[in-house]
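A.B. asks: UniProt numbering puts the first residue of the sequence shown at 1, with every later residue one more than the last.
Ideal Cβ positions, reconstructed from N, Cα and C, are used throughout, including at glycine.
All of these numbers come straight from a predicted model, not from anything done at the bench.
Take a look at the following structure, please.
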Amino acid sequence: HILHDLSEGFPSPGPHLAYNRAGPRKQIYFKPGHVRAGIVTCGGLCPGMNTVIRELVVGLWELYGVREIFGVRAGYRGFYSSEPVELNPKSVHGWHRNGGTVLETSRGGFDLEKIVNAIENRGFNQVYIIGGDGTMRGMLEIFNEIKRRKLNIVVAGIPKTVDNDIGIIDKSFGFQTAVEMAQQAINAAHTEAESAVNGIGLVKLMGRSTGHIALHATLSSRDVDCCLIPENDFYLEGKGGLFEFLEKRLKDNGHAVVVVAEGAGQDIIPKSDQSHVAEKDESGNPVFLDVGGWLKSELKKWWDRDHPKELFAVKYIDPTYMIRAVPANATDNLYCTLLAHSAIHGAMAGYTGFVCGPINGNYAYIPVKEVARAKNPVNTRDHKWAWVRSITNQPDFSRG
């Protein structure tokens, strides 16, 4: 068994203090010749999705001798709206070298009745679902419906989120690749800012509800002067505000770099268009206001007001889609392989309704109901955020 967390004061996402260790079992439930497996990718892109698909196919084929493996196209809706694609090791051989997902993906399209009917009608008895927190909530519904119908079908999940916002597990695949790419954007912003008079490089990174990419890219870069994340409120004007800090940094260094996560500052952006604020995407996630564009505009207004005759430049870089659409790096490729093989071993042993992932460095099978509700916010009281404050010397933005 794998311990999740026993430390006092850390809320456990579920009743379990330990989970079953992932890996091959002495006895398997399915006869390989009777397995008919379906693989689906849902939600946004993430580095490593193709690697996971490839390793699921190769692992089922080579480790267990499964010969009926299918890819479901375009997310959950693909179960009932299109024919599955037959997969084998030869057809997926080079997929890991490509970004995105060859199976295609989409948001929304979740119709429980149609999906489970299609799974049953197509004869799938193993379903591998690759997706983020919304996808995992959908997987939980599918698992419960299959259980209600008493169908002999295994449902296994592989958690995917470039934001690293899924709880319980140590990290999500693709996250390290995204941080690596984000650092390149920060390097470009630093060069632009350094080459201008009173230059500010502004980089908006992915992170709707968590600032993990912004935090880790800031720590890796060491060229960032201020890191703004959803978990830590900030303000612009007045003592201890962003403008005061940047003015001092420009006076001392002649340039500055600001990194902001896309979900930061949503409470201080003027909500002039309430219909946009309330809008949700097809996955049910709120459509956030553009904090990067707003911050760029506010920085220019501030400088024109307080320093009307001085040169000033804001160089804004938004690499949102660049950091998630690339192939996985070496570390993430290896991680994706371990996740895929862990899922296969669990499914072949007859486990169902589980998600696989590392906990304290050891791979485990975690009930999907726990993963579906677990969050992974940045803890602004731990050592990593303290490192950010130490590197940037940014204010804590506390008005107290």
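Between A193, G167 and V72, which has its C-alpha nearest N360's C-alpha?
C.D. replies: Walking along the sequence shown from the start, residue 360 turns up at place 360. Cα-wise, what sits closest to N360 is G167.
A.B. asks: With a 10 Å radius around its C-beta and 16 neighbouring C-beta atoms as the bar for buried, classify K90 as buried or exposed.
C.D. replies: By 1-based counting over the sequence shown, the position of residue 90 is 90. With fewer than 16 other Cβ atoms within 10 Å, it is exposed.
A.B. asks: Measuring CA to CA, which of R148, P270 and P319 is closest to N187?
C.D. replies: In the sequence shown, residue 187 corresponds to position 187, counting from 1. When only C-alpha atoms are compared, the closest one is P319.
A.B. asks: Identify which residue in V203, D225 and K239 has its Cα closest to the Cα of A261.
C.D. replies: Mapped onto the sequence shown, residue 261 falls at position 261. Selected option, being the one with the closest Cα: V203.
A.B. asks: If you draw a straight line from the C-alpha of Q274 to the C-alpha of D396, how long is it?
C.D. replies: As a working note, residue 274 is residue 274 in the sequence shown. As a working note, residue 396 is residue 396 in the sequence shown. Legend: pLDDT at Q274 = 45, less than 50; position of this residue unreliable, value from coordinates given subsequently. Spanning the two alpha carbons is a distance of roughly 29 Å.
A.B. asks: Between the beta-carbon of G99 and the beta-carbon of V257, is there less than 7 Å?
C.D. replies: Residue numbering aside, residue 99 sits at position 99 when the sequence shown is read from its first letter. Residue numbering aside, residue 257 sits at position 257 when the sequence shown is read from its first letter. Contact flag unset, no.
A.B. asks: Output needed for H341: all residues of its chain with C-beta closer than 8 Å, excluding positions within five of it in sequence on either side, in chain order.
C.D. replies: Along the sequence shown, one-based indexing puts residue 341 at 341. If we look at H341 and ignore the five residues flanking it on each side, its Cβ neighbours are E55, G59 and L63.
A.B. asks: For F173, write down the residues that DSSP places opposite it in a beta bridge.
C.D. replies: Position 173 of the sequence shown, counted from the start, is the residue given in the question as residue 173. Paired residue(s): K160.
A.B. asks: Would you mind sorting W387 into buried or exposed? The rule is 16 or more other CB atoms within 10 Å of its CB.
C.D. replies: What you label residue 387 is simply residue 387 of the sequence shown in a count that begins at 1. So W387 counts as exposed.
A.B. asks: Can you tell me which residues form a DSSP beta bridge with K204?
C.D. replies: For the purposes of this step, residue 204 is identified with residue 204 of the sequence shown, where counting begins at 1. Paired residues: V260.
A.B. asks: Go ahead and label D223 buried or exposed: buried means 16 or more other beta carbons lie within 10 angstroms of its beta carbon, across all protein chains shown.
C.D. replies: For the purposes of this step, residue 223 is identified with residue 223 of the sequence shown, where counting begins at 1. Buried.
A.B. asks: Would you grab the beta carbon distance between R25 and H383 for me? Rounded to a whole angstrom, and I think it's under 8 Å.
C.D. replies: Here residue 25 is taken as the residue at index 25 of the sequence shown, counted from 1. Here residue 383 is taken as the residue at index 383 of the sequence shown, counted from 1. Actually they are not in contact, since the Cβ atoms of R25 and H383 sit about 38 Å apart, beyond 8 Å.
A.B. asks: Roughly how many angstroms lie between the CA atoms of S82 and E145, to the nearest whole one?
C.D. replies: Within the sequence shown, numbered from 1, the residue matching residue 82 stands at position 82. Within the sequence shown, numbered from 1, the residue matching residue 145 stands at position 145. So the alpha carbons of these two residues sit roughly 22 Å apart.
A.B. asks: Drop a sphere of 10 angstroms on the beta-carbon of E113, count the other beta-carbons inside from all chains shown, and report buried for 16 or more, exposed for fewer.
C.D. replies: Residue numbering aside, residue 113 sits at position 113 when the sequence shown is read from its first letter. Exposed: under 16 other Cβ atoms inside 10 Å.
A.B. asks: Can you tell me the Cβ-Cβ gap for R122 and P84, rounded? I've got them flagged as a contact below 8 Å.
C.D. replies: Residue 122 sits at position 122 when you count from the first residue of the sequence shown. Residue 84 sits at position 84 when you count from the first residue of the sequence shown. Sure, about 7 Å apart at Cβ, within 8 Å.
A.B. asks: Taking a contact to mean a Cβ-Cβ separation below 7 Å, would you say Y76 touches C42 in this structure?
C.D. replies: Sequence index remark: in the sequence shown, residue 76 carries index 76 (1-based). Sequence index remark: in the sequence shown, residue 42 carries index 42 (1-based). Yes; because the gap between Cβ atoms is below 7 Å, this pair is in contact.
A.B. asks: Go to A347, then tell me how far its alpha helix (DSSP H) extends in each direction, as first and last residue.
C.D. replies: The count along the sequence shown starts at 1 and reaches residue 347 at position 347. Start and end: A330 to M348.
A.B. asks: In or out: E310 buried (at least 16 other Cβ within 10 Å) or exposed?
C.D. replies: Position 310 of the sequence shown holds residue 310. Around the beta carbon of E310, a 10 Å sphere encloses fewer than 16 other beta carbons of the protein chains shown; the residue is thus reported as exposed.
A.B. asks: On the DSSP bridge list, what partners appear for T41?
C.D. replies: As a working note, residue 41 is residue 41 in the sequence shown. Per DSSP, I130.
A.B. asks: Do you know how far the Cα of V116 is from the Cα of I142?
C.D. replies: As a first step, residue 142 must be located in the sequence shown, where it is residue number 142. As a first step, residue 116 must be located in the sequence shown, where it is residue number 116. C-alpha of I142 to C-alpha of V116: approximately 7 Å in a straight line.
A.B. asks: If you check the beta carbons only, do A374 and R21 fall under 7 Å apart?
C.D. replies: Stepping through the sequence shown from its first residue, residue 374 is reached at position 374. Stepping through the sequence shown from its first residue, residue 21 is reached at position 21. No, these two residues do not count as a Cβ contact at 7 Å.
A.B. asks: Tell me the rounded alpha-carbon separation between D306 and D252.
C.D. replies: As a working note, residue 306 is residue 306 in the sequence shown. As a working note, residue 252 is residue 252 in the sequence shown. Taking the straight line from one Cα to the other gives about 17 Å.
A.B. asks: Would the region 183-198 and the region 238-248 be scored as touching if the rule is three or more Cβ pairs under 8 Å?
C.D. replies: no
A.B. asks: In its own chain, which residues sit with a C-beta less than 8 Å from the C-beta of M322, not counting the 5 before and 5 after it?
C.D. replies: Translated into the one-based positions of the sequence shown, residue 322 becomes position 322. For M322, where only same-chain residues beyond five positions count, the Cβ hits under 8 Å are M181 and A185.
A.B. asks: So what does DSSP say about A188, is it helix, strand or coil?
C.D. replies: For this step, residue 188 is matched to residue 188 along the sequence shown. Three-state result, A188: helix.
A.B. asks: Between which two residues does the alpha helix (DSSP H) harbouring V52 extend?
C.D. replies: On the sequence shown, residue 52 is found 52 positions in, with the first residue counted as 1. Here the alpha helix (DSSP H) through V52 covers M49 to Y64.
A.B. asks: Compute the Euclidean distance between the alpha carbons of P32 and W385, then round it to the nearest angstrom.
C.D. replies: Your numbering for residue 32 matches position 32 in the sequence shown. Your numbering for residue 385 matches position 385 in the sequence shown. Their Cα atoms are separated by approximately 48 Å.
A.B. asks: What residue does the alpha helix (DSSP H) around P80 start on, and which one ends it?
C.D. replies: Numbered from 1 along the sequence shown, position 80 holds the residue referred to as residue 80. What sits at residue 80 in the sequence shown is Tyr, not Pro. Its alpha helix (DSSP H) spans residues G78 to S81.
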